[in-house]
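Chains as they are written, first to last, in this note's numbering: chain A, 1 to 180; chain B, 1001 to 1396.
Some notes on the structure that comes next.
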Amino acid sequence: MSYSGGGRIVLNNQREAQISRFRAWVLLAVPLAAILFQVYVPQFFHFLSYLELPLLVVVYFALMRRSPIQGLLIGALVGLAQDSLLGTKNPLGMFGIVKTLVGYFAASVSVRFDVDNVLVRLLLAFFFFVFHQFFYWVMARALLGQQVGFDLQQTLLIGLLNALVGISLFHFLDKLRETV
Amino acid sequence: METFLNRYRNLTVLLLVILAQLVLLAVQVKNDQDVRMIRIWTVTAVTPAARVVEWLRGGSIGFVRDYILLHDTHQQNRQLQSELNRLKLENIFLKNELNTADRAKALGVFQEHTASKTLAANVIGTGAGANAKVVFVDRGSASGVQRGMAVVTPDGIVGKVTAAYPTASEVLLITDSDFAAGVISQKSQVRGTLKGQGSPVCKVDYVPIGEKVAVGDWFYTSGDDRIFPRGFPVGVVKSVRAGQPFQEVYLEPSGLQRGLEDVLILIEGVHQAIPDQPVANQPVYIAPPLPVADQAAAQPIAGTEADKLRAQYKAVGEAQKHTFGEGPPGTKPPDFTKLGSPGSPPPSAPGSPASAAPLPVPAQHQPAAGASPSVKPSPPKPPPAEAPVAERPHVE
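Okay, structure coming up:
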């Protein structure tokens, strides 16, 4: 089985969609590390606050597992953990709901695309980052009544940056997959 | 159901997870008024449903209450409507009774204060002619009414009796075109002849040009016509126009302003002074009522001369154990030689014609023109008529 990715972007059928497997500690350690990075590293390197590593991890595992339920559960757990570590002013559930939807939709689209393709990964990472930011903004306004703004250009730019970082992260995480 | 869940398992799990996190979010978050979002969402979600349920419940109960349980509402409505109509009629009746009582009180006061002997009567009908200003009263020749007697009210003259029947009389109103009476103005003592016009306004004729008659002046009877005693109010001047060879003075009769239901027939007219003030402005003194204990004792002798006479006759009858109105014809009457206190005139024989008595005009009591009206002469009571009123007139 090759994980280098071919020239195809869209799969012909769902049978071609291969399910990647990970060790249990990988499923625990990687999201935890991403959350810790998200929480603590920006305190020392502020420019790294634009990186949304938990989101990229959720997208990666959802794409690789190709299971919507597993994807949404991973997203929910990572999101709730992120909410828990962001302080008491951030209510539990905001990142949880958003990342649940991201994990679900990422797993749902993974059965149609060749997620080993670099371009697909780049596009999906970019798309789900924008979706994540936009839906969080909608929920903040609708559910919390917060008058927060949404800078589309900045979101697109940061999304592209995260997508590029995501390509590298995904390549690194590919090394942690179990081989069948 | 199981098939449905299996088919949409992913979506179901997604919705459950999202819902759980929404609940978690709602439990934590509070709005500006420190109310948790879950409470707001719950109330917002439940209230419309509760409102719908309450609307359905209220509508159902209202439908049952308004349309099913009120099957006899129509009958109750009819009963209430009937009762309402009855109460309206009763209210009108009571108002009429009150007005009648007021008029009767006014007539009573007037009877007590006027020197003329009067007989109260009720108007029971009007004349049949279209232009005739004629009414019928319920007193006739049997009560001593004769043709030519004056008919007045406390407010002014009304007319004169043109025909006396046994139980009723015909009264020609002063608004009739055939009516005429001598009048005199209050301020300038201008004499004239009152004539009816067939309309609510009467005309004072034969007032020479140059005589001072102004709008608002009061006219009183002058006594020249030998029908109306001097000093009864006639009306107030409404317009004065210069004419040839006399002024055209129109006045509004004061005796007909408050309707015509109860009148007084002057059985014996007595001239009196023309007051200084109009009738409406004259103060009327009404004595306070007697105490309850004294009313019973004072009752028999209160009222007119006829009442006093009646009380005296009744006392004589009771003293001789005679009950009036009982016994066959020919029964021995009481001994009336024992009647009366000193000074009380003996009653005249009933049924003697009063028409033979001319209108008493005691010249010695006529006030001179220009006499001070503040000192109202109190003419002595005229001698009892030969045809006295047997009983006090019934005033309703």
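Beta carbons: idealized from backbone N, C-alpha and C, even for Gly.
Using a 10 angstroms sphere on the CB of residue 29 of chain A, the tally of other CB atoms stays under 16, which defines it as exposed. Residue 1249 of chain B is bridged by DSSP to B:1204, B:1240. Note that the C-beta distance between residue 1136 of chain B and residue 1123 of chain B is below 9 angstroms.
Comparing C-alpha distances from residue 136 of chain A to each of A:160, A:98, A:74 shows the shortest one belongs to A:98.
Taking 7 angstroms as the Cβ-Cβ cut-off, the segment 93–109 of chain A approaches chain B at 93, 94, 96, 97, 100, 104, given in chain order.
Distance from the Cα of residue 1126 of chain B is smallest, within the candidate group B:1166, B:1117, B:1176, B:1114, for B:1176. Taking a contact as a CB-CB distance under 8 angstroms, the pair residue 1265 of chain B and residue 1139 of chain B counts as one, their CB atoms being some 6 angstroms apart. Secondary structure note for residue 1156 of chain B: its beta strand (DSSP E) is the uninterrupted segment 1156–1164. Counting only runs of at least 3 residues, the segment 1085–1139 of chain B fully encloses the following beta strand (DSSP E) elements, listed from N- to C-terminal order: 1117–1126, 1134–1137. Approximately 57 angstroms separates the beta-carbon atoms of residue 1133 of chain B and residue 1070 of chain B; this is outside 8 angstroms, ruling out the contact. The beta carbons of residue 75 of chain A and residue 62 of chain A sit about 7 angstroms from each other, so the pair counts as a contact at 8 angstroms. Judged by DSSP secondary structure, residue 1332 of chain B falls outside any alpha helix (DSSP H); it is assigned neither H nor E. For residue 145 of chain A, a Cβ of chain B is located within less than 9 angstroms of the residue's own Cβ.
From the beta-carbon of residue 91 of chain A, the residues of chain B found nearer than 7 angstroms are 1025, 1028, 1029. Burial state of residue 1160 of chain B is buried, judged by a 10 Å Cβ sphere holding 16 or more other Cβ atoms. When C-beta atoms of the segment 152–170 of chain A are compared with those of the segment 85–95 of chain A, fewer than three pairs fall below 8 angstroms, so the two segments do not count as touching. Bounds of the beta strand (DSSP E) holding residue 1220 of chain B are 1218–1221. Around the beta carbon of residue 1077 of chain B, fewer than 16 other beta carbons lie within 10 angstroms, which makes this residue exposed.
A Cβ of chain A is located within less than 9 angstroms of the beta carbon of residue 1009 of chain B.
Around residue 76 of chain A, the beta-carbon contacts reaching into chain B at under 7 angstroms are 1017, 1021. Looking at the backbone, the Cα of residue 1324 of chain B and that of residue 1169 of chain B are separated by about 29 angstroms.
Between the segment 1056–1064 of chain B and the segment 119–137 of chain A, the count of Cβ pairs shorter than 8 angstroms is below three; the stretches do not touch.
In the DSSP assignment, residue 1267 of chain B falls within the unbroken beta strand (DSSP E) covering 1262–1268.
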